[in-house]
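Engineer: Start counting the sequence shown at 106; every next residue gets the next number (this note's numbering).
C-beta: ideal position from N, C-alpha, C; glycine also.
Please read all numbers here as calculations on a predicted model, not as lab measurements.
Below is one structure. I have some questions about it.
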Amino acid sequence: MTIPKRILGRTGQEVAILGLGGEGVLRTFGHDKEAYALVNRALDLGVTYCESARAYSGSESYYGKALKERRKDIFLTSKSHARDKAGAQAHLHETLANMRTDHLDLWQVHDVREEAEIGEIFGPRGAIEAFVEARQQGKTRFIGVTGHHDPSIIRKCIERFDFDTVLMPVNPGEPQHKSFLSGVLPLAREKNMGVIGMKVYFRGFATKLPGYTGMEPFLRFALSQPITNVVIGCDDIAHLEENAAFVRAFEPMTSGEQQRLIDDTAPFARQLMYYKP
């Protein structure tokens, strides 16, 4: 069985519903052997969406060392947390060098949290100018935005600029507090954006929910929403293969199943979403 695929919104690109995130073992330094094996195993399993960020330790470099001739087979993405044009341009230069490629398929404005950042990003000499120039120069094909703190901030971003994609939390705790599912997803869908889910497992602490010992219900919940795919950082190949098995066997949750998971999560949602070990 192969991993199912969906269209990434207005990009028109078909990607696997499971993406490899830049967290887990990829957000480290000095684990080249493990990272190399993980990236290539992901591609062998049918993962076609690979994600990183300039802020993710050695993640970009791990990809660059692992992909080689397989670069052409994947949809490669990274992010910049710079808010000014010069900073974003510098990040892109580093990203392309680290990933050993001449272009990204998707370059994303990373983790927008506050009103002041919106002013910087979209103001004179703001980061968005670098993103637009990069697209014009063929250094990225598409432009996205990401956020996991305040849906109202991300909504304002996608109202101000025609982003191709949005990366946002998608889990059953979302409806309880500052919900991206109600505050961002409808507008993203209206604009035909590709919607990429993250924090599917509440940063790995979903199993702290009483009565739930496995992760699969949370992944099923996420992929039952009208999104394109989810990105999950993996600690090792066993973790990767478990997620691949989940998505190969994926069947959408009924509305009743979704509501039960939301209700079961509600008393613990805030703790799970903001858990810090």
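Please name the residue in Arg365, Pro109, Gly361 whose C-alpha comes closest to that of tyrosine 154.
Structural biologist: Taking the sequence shown and counting its residues from 1, the one referred to as residue 154 is at position 49. Out of Arg365, Pro109, Gly361, Pro109 has the C-alpha closest to the C-alpha of tyrosine 154.
Engineer: Where do the ends of the beta strand (DSSP E) carrying glutamate 156 lie?
Structural biologist: To locate residue 156, count along the sequence shown from 1; it is residue 51. Where glutamate 156 is concerned, the enclosing beta strand (DSSP E) stretches over 154-156.
Engineer: For lysine 138, count the other beta carbons within 10 Å of its own beta carbon; 16 or more makes it buried, fewer makes it exposed. Which is it?
Structural biologist: Taking the sequence shown and counting its residues from 1, one reaches residue 138 at position 33. Burial call: exposed.
Engineer: For the putative contact between glutamate 238 and methionine 204, defined by C-beta atoms under 8 Å, what is the C-beta separation to the nearest angstrom?
Structural biologist: Residue 238 sits at position 133 when you count from the first residue of the sequence shown. Residue 204 sits at position 99 when you count from the first residue of the sequence shown. Wrong, their Cβ atoms sit about 19 Å apart, outside the cutoff.
Engineer: What would DSSP say about phenylalanine 281, mapped onto helix, strand or coil?
Structural biologist: Translated into positions along the sequence shown, residue 281 becomes position 176. Sequence check: residue 281 is glutamine here, not phenylalanine. Three-state result, glutamine 281: helix.
Engineer: Arginine 115 and asparagine 276 - do their beta-carbons sit closer together than 8 Å?
Structural biologist: The residue you call residue 276 lines up with position 171 of the sequence shown. The residue you call residue 115 lines up with position 10 of the sequence shown. No, they are not a contact pair.
Engineer: For glycine 163, which of helix, strand or coil comes out of DSSP?
Structural biologist: Taking the sequence shown and counting its residues from 1, the one referred to as residue 163 is at position 58. It is coil, neither helix nor strand.
Engineer: Who are the near neighbours of glycine 278 in its chain, counting only those whose CB is closer than 7 Å to its CB and skipping five residues on each side?
Structural biologist: The residue labelled residue 278 in the question sits at position 173 within the sequence shown. Closer than 7 Å at the Cβ level, and outside the excluded window around glycine 278, lie Phe307, Thr370, Ala374, Leu377, Met378.
Engineer: Quick one: using the 10 Å Cβ neighbour count with 16 as the cut-off for buried, is glutamate 128 buried or exposed?
Structural biologist: By 1-based counting over the sequence shown, the position of residue 128 is 23. Flag for glutamate 128 reads buried.
Engineer: Assuming contact is defined by CB atoms lying nearer than 8 Å, are isoleucine 342 and leucine 143 in contact in what I supplied?
Structural biologist: Within the sequence shown, residue 342 is the residue found at index 237, counting from 1. Within the sequence shown, residue 143 is the residue found at index 38, counting from 1. Yes.
Engineer: Taking only the alpha-carbon atoms, compute the straight-line gap between tyrosine 168 and alanine 140 and give it to the nearest angstrom.
Structural biologist: Position 63 of the sequence shown, counted from the start, is the residue given in the question as residue 168. Position 35 of the sequence shown, counted from the start, is the residue given in the question as residue 140. Straight-line Cα distance between these residues: approximately 8 Å.
Engineer: Is it right to say glutamine 241 is buried, meaning 16 or more other beta carbons lie within 10 angstroms of its own, or is it exposed?
Structural biologist: The sequence position of residue 241 within the sequence shown is 136, counting from 1. Classification of glutamine 241: exposed, given that the 10 Å Cβ count is below 16.
Engineer: Kindly indicate which residue of Pro331, Lys313, Ala202 has the alpha-carbon position closest to the one of lysine 244.
Structural biologist: In the sequence shown, counting from the first residue as 1, residue 244 sits at position 139. Minimum Cα distance to lysine 244 is reached at Ala202.
Engineer: Using the rule of at least 16 other Cβ atoms within 10 Å of the residue's Cβ for burial, across every protein chain shown, is serine 287 buried or exposed?
Structural biologist: Start at 1 with the first residue of the sequence shown, and residue 287 comes out as number 182. Answer is exposed; the Cβ neighbour count stays below 16.
Engineer: Please state whether the Cβ-Cβ distance between alanine 236 and alanine 193 is less than 8 Å.
Structural biologist: The sequence position of residue 236 within the sequence shown is 131, counting from 1. The sequence position of residue 193 within the sequence shown is 88, counting from 1. According to the sequence provided, residue 236 is phenylalanine. The question's alanine does not apply to it. Contact: yes.
Engineer: Report buried or exposed for alanine 191, applying the criterion of at least 16 other Cβ atoms within 10 angstroms of its Cβ.
Structural biologist: For the purposes of this step, residue 191 is taken as the residue at position 86 of the sequence shown. Alanine 191 should be labelled exposed.
Engineer: What span of residues does the beta strand (DSSP E) with alanine 121 cover, start to end?
Structural biologist: Position 16 of the sequence shown, counting from 1, holds the residue named residue 121. That run of the beta strand (DSSP E) goes 119-121.
Engineer: Which parts of the stretch 294-359 are runs of the alpha helix (DSSP H), unbroken and 4 residues or longer, counting only runs that do not cross its ends?
Structural biologist: The qualifying runs are 321-328, 342-353.
Engineer: Identify the residues that DSSP records as bridge partners of lysine 184: which are they?
Structural biologist: Mapped onto the sequence shown, residue 184 falls at position 79. Paired residue(s): Gln213.
Engineer: Among Ser183, Gly124, Ser157, Asn145, whose alpha-carbon lies nearest the alpha-carbon of glutamate 174?
Structural biologist: Taking the sequence shown and counting its residues from 1, the one referred to as residue 174 is at position 69. Of the candidates Ser183, Gly124, Ser157, Asn145, the one whose C-alpha sits nearest the C-alpha of glutamate 174 is Asn145.
Engineer: Would you call alanine 187 buried or exposed, if buried means 16 or more other Cβ atoms sit within 10 Å of its Cβ?
Structural biologist: Position 82 of the sequence shown, counting from 1, holds the residue named residue 187. Counting Cβ neighbours within 10 Å, alanine 187 comes out buried, since at least 16 surround it.
Engineer: Express the C-alpha separation of isoleucine 112 and phenylalanine 227 in angstroms, rounding to a whole number.
Structural biologist: Taking the sequence shown and counting its residues from 1, one reaches residue 227 at position 122. Taking the sequence shown and counting its residues from 1, one reaches residue 112 at position 7. Each residue's Cα considered, the two are about 28 Å apart.
Engineer: Could you check the C-alpha separation between histidine 344 and glutamate 156 for me, to the nearest Å?
Structural biologist: In the sequence shown, the residue the question calls residue 344 occupies position 239. In the sequence shown, the residue the question calls residue 156 occupies position 51. Approximately 17 Å, taken between the alpha carbons.
Engineer: Between Ile258, His198, Leu314, Leu366, which lies nearest to phenylalanine 326 when the distance is taken from Cα to Cα?
Structural biologist: Translated into positions along the sequence shown, residue 326 becomes position 221. For the residues Ile258, His198, Leu314, Leu366, the minimum Cα distance to phenylalanine 326 belongs to Leu366.
Engineer: Pop quiz: valine 152 and alanine 121 are said to be a contact at Cβ under 8 Å. What is the actual Cβ separation, rounded to whole angstroms?
Structural biologist: Numbered from 1 along the sequence shown, position 47 holds the residue referred to as residue 152. Numbered from 1 along the sequence shown, position 16 holds the residue referred to as residue 121. Sure, about 5 Å apart at Cβ, within 8 Å.
Engineer: If you draw a straight line from the alpha carbon of alanine 311 to that of aspartate 216, how long is it in whole angstroms?
Structural biologist: The residue given as residue 311 occupies position 206 in the sequence shown. The residue given as residue 216 occupies position 111 in the sequence shown. Cα to Cα, alanine 311 sits roughly 22 Å from aspartate 216.
Engineer: Comparing alpha-carbon positions, which option in Glu219, Val300, Val289 lies nearest glutamate 264?
Structural biologist: Here residue 264 is taken as the residue at index 159 of the sequence shown, counted from 1. Comparing Cα-Cα distances from glutamate 264 to each of Glu219, Val300, Val289, the minimum goes to Val289.
Engineer: At a cut-off of 7 Å, would you count glycine 129 as near the ligand FAD, judging by its Cβ distance to the nearest heavy atom?
Structural biologist: Absence of the ligand FAD is noted for the structure shown, with no ligands found whatsoever.
Engineer: Run the CB neighbour count on arginine 230, radius 10 Å, all protein chains shown included, and call it buried at 16 or more, exposed below.
Structural biologist: Numbered from 1 along the sequence shown, position 125 holds the residue referred to as residue 230. Exposed, since its Cβ has fewer than 16 Cβ neighbours within 10 Å.
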